[in-house]
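In the order they appear, the protein sequences are chains A and B. Each residue of the first sequence is one higher than the one before, starting from 1 at the first, in our numbering. Each residue of the second sequence is one higher than the one before, starting from 1001 at the first, in our numbering. Working notes, beginning with the structure itself.
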Amino acid sequence: MFCSCSADYFGKEPNTHTCPVCLALPGALPYINEEAINDCIKIGLALNCTVADKSLFERKNYFYPDLPKGYQISQYRWPLTVNGWIEVVGQDGKTKKIRINRAHQEEDTGKLTHKDSNTLIDFNRSGVPLVEIVTEPDFSDTTQIVDYAKKLQQIFRYLEVSNADMERGDMRLEANISVRPVGQTTLPNYRVELKNINSFRFMMAAVEYEIKRQIAALEKGERLQQETRGWNEDKKETFLQRVKEEANDYRYFPEPDLPKLKISENQINQIKSELPELPVQKSVRFQKEFGLRLDQILVLIESSELSEFYERAVEVGRSHHIDPKIIANFIINRKINIEETAPTEIIEQILESKAGIVEDPGQIEGLAAEVISENPQIAADFKKGKETALQALIGAGMKKRKGKVSVEILKSTLENLLQKE
Amino acid sequence: MSLTKDQVKHVAKLANLPLTSEEEEKYAEQLSKILEYVEQLNSVDTKDIEPTFNVSGQENVMRKDETEASLSQEEVLSNASKAENGMFVTKGVFEPE
């Protein structure tokens, strides 16, 4: 963020990606990376935030060996982007707007390993650009949290600002949990921060556990306090890490070594114009242009690569008059590996699979009559009102023709014949 | 403005400084004097003056996203009082991962 060390630290030999700036050697001065600032603005814009016209870095002072300076360069009173929102889906299937307080720029910290009574430090990660996104306390169930995290990850990947791989620590979640009696509208006077949980699944398990733990504690009449807790996967429970220092104990003050940032309207518009089509916009367009169902759209837009693959296949399919819906179904049902398949191959496969299929009404009527006469009992069941019997007849017909017959036409022909009888 | 002994203790804790009881007394007095001295600045009228956080007067000083060679692990650890497996060793801090 503030030096020229490579940020590609993952899996590298410890302390091989550091310099006087990230090690806080005397006299070293920070120097802002422009691309990191632009990426932070992109993230803010994608989350409907306003870009501040004036932004400052500040020192967040604390003593912990993960940062050699004794403070982290972060943002506090003048974050780069503020006041955004994102829509998530909750347990009840309803959409809820989650307010984003800010998306600000800071530097990552070193990695600590605890061994016996010592702590080992690898500073490769310290000084790597890190964007912190803070929401308002708007989540009311874990489904919303899962959806939020997945949507953020998707946005980061669409923006190409991060791989957002949780297992590698590219993206980390810190959940603040508190509970209140039903009917209370004010926020509880404490919150428990769940931290250093490096997997999505574990974070959700920790949140579920924590909600239950807090309800049980409050019902027993215990008082809950502001604290940080971690997750013990073996015991499947959260544990106390430290009692949280109040925010003003960080003694934030403007970083005197870094001049302020002034982001011009021009620059914001420039970045806006370079933003790719984001998942939400793509979803609306796919519905309008191709008439797809939401569940199909969600699969296709999961990654920008897959959605682009689909659109290329639709393009190729157009000259063969193939319905975009058929292409969507084909890609989704066959779980097409887009790394090993070309969009043109998909169209060839669809054309091929359609090739041997009998659609001639005369032929199909003959087949339907055969099936009915060979399965009198099932036909009788259908006439008595057993709807599922029709499926059995269709199945029998498909079997006779080894699947090379149009299901839709066979179905309607069978229905017609049975109703006539 | 004068600092209480408790405030000194608190500040010392945040700064990770172990102080004896006598030192706490001593620093409470000294720090209070420093605060009083600095408080003289309050007599200046700053009503229409923007706070100054940086005296260079510059803005948007940024560098391109280009990497440069880092220090070698050997150089990095040459000042460490203790190292193990290429890492700095420090007194254990309680925060299991």
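Every residue, glycine too, gets a C-beta built ideally from N, C-alpha and C.
DSSP places Lys411/A within a helical segment (H, G or I) once states are collapsed to three.
Taken in chain order, the whole alpha helix (DSSP H) runs of length 4 or more contained in the segment 216 to 243 of chain A number zero. Relative to Ala149/A, the option among Tyr190/A, Phe10/A, Ile86/A and Val358/A whose CA is nearest is Ile86/A.
Exposed is the label assigned to Gln419/A, since fewer than 16 other Cβ atoms lie within 10 Å of its Cβ. By the neighbour-count criterion, in which a residue is buried when 16 or more other Cβ atoms sit within 10 angstroms of its Cβ, His321/A is exposed. If one requires a minimum length of 4 residues, the alpha helix (DSSP H) runs lying completely within the segment 122 to 163 of chain A are 142 to 159, in chain order.
Taken in chain order, the members of the segment 60 to 76 of chain A whose beta-carbon sits within less than 8 Å of a beta-carbon on chain B are Asn61, Tyr62, Phe63, Tyr64 and Pro65. The beta carbon of Asp1065/B falls within 8 Å of a beta carbon belonging to chain A, placing the residue at that interface.
One Cα belongs to Gln214/A, the other to Asp234/A, and the distance between them is close to 20 Å. Of the residues assessed, Gln270/A falls on the exposed side of the cut-off, its CB having fewer than 16 other CB atoms within 10 angstroms.
If the five residues before and after Ser140/A are omitted, its C-beta is found closer than 8 Å to the C-beta atoms of Gly90 and Lys96, all from its own chain and listed in chain order. Bounds of the alpha helix (DSSP H) holding Val1038/B are Ser1021 to Glu1039. For the pair Asn101/A and Thr135/A, the CB atoms are nearer than the 8 Å cut-off.
The three-state secondary structure of Arg201/A, taken from DSSP, is helix. DSSP places Glu305/A inside the alpha helix (DSSP H), whose first and last residues are Ser304 to Arg318. With respect to chain B, the C-beta atom of His17/A has a partner C-beta closer than 8 Å. Linking Asn1085/B to Phe123/A through their CA atoms gives a straight-line distance of about 13 Å. Excluding its 5 nearest sequence neighbours in each direction, Glu1024/B has C-beta neighbours in its own chain below 8 Å: Lys1005, Val1008, Lys1009 and Ala1012, listed in chain order.
With distances taken between CA atoms, Val407/A lies nearest to Val358/A out of Val358/A, Ala369/A, Ser373/A and Gly362/A. Within its own chain, the residues whose Cβ lies closer than 7 Å to the Cβ of Arg168/A, once the five positions on either side in sequence are excluded, are Phe10, listed in chain order.
Among the residues facing chain B, Lys235/A is not included, as its CB has no counterpart in that chain under 8 Å away. Leu67/A is a Cβ neighbour of Thr109/A, given a cutoff of 8 Å. For Lys288/A, the enclosing alpha helix (DSSP H) has its first and last residue at Pro279 to Phe290.
The Cβ of Ser1070/B sits closer than 8 Å to at least one Cβ of chain A. The DSSP-derived three-state label of Ala206/A is helix. Judged by beta-carbon spacing, Pro279/A lies within the 8 Å limit of Ile301/A, meaning their Cβ atoms are closer than that value. When beta bridges are read from the DSSP output, Pro376/A appears opposite no residue. By DSSP's assignment, Lys96/A forms a beta bridge with Val88/A. In the three-state reduction of the DSSP assignment, Gln184/A falls in the coil class. The criterion of a C-beta distance shorter than 8 Å is not satisfied by Ser1078/B and Thr16/A. Along the segment 1040 to 1062 of chain B, the positions whose C-beta sits under 9 Å from a C-beta of chain A are Pro1051, Phe1053, Asn1054, Val1055, Ser1056, Gly1057, Gln1058, Glu1059, Asn1060, Val1061 and Met1062, read in chain order. Pairing Lys288/A with Val161/A gives a Cβ-Cβ distance that is not under 8 Å.
In this structure, Ile37/A places its C-beta atom within 8 Å of the C-beta atom of Leu80/A. Excluding its 5 nearest sequence neighbours in each direction, Lys400/A has C-beta neighbours in its own chain below 8 Å: Leu367, Glu370 and Val371, listed in chain order. If you check the CB distance, Cys40/A and Val21/A do not come in under 8 Å.
The straight-line gap separating the alpha-carbon atoms of Glu35/A and Leu130/A is approximately 12 Å.
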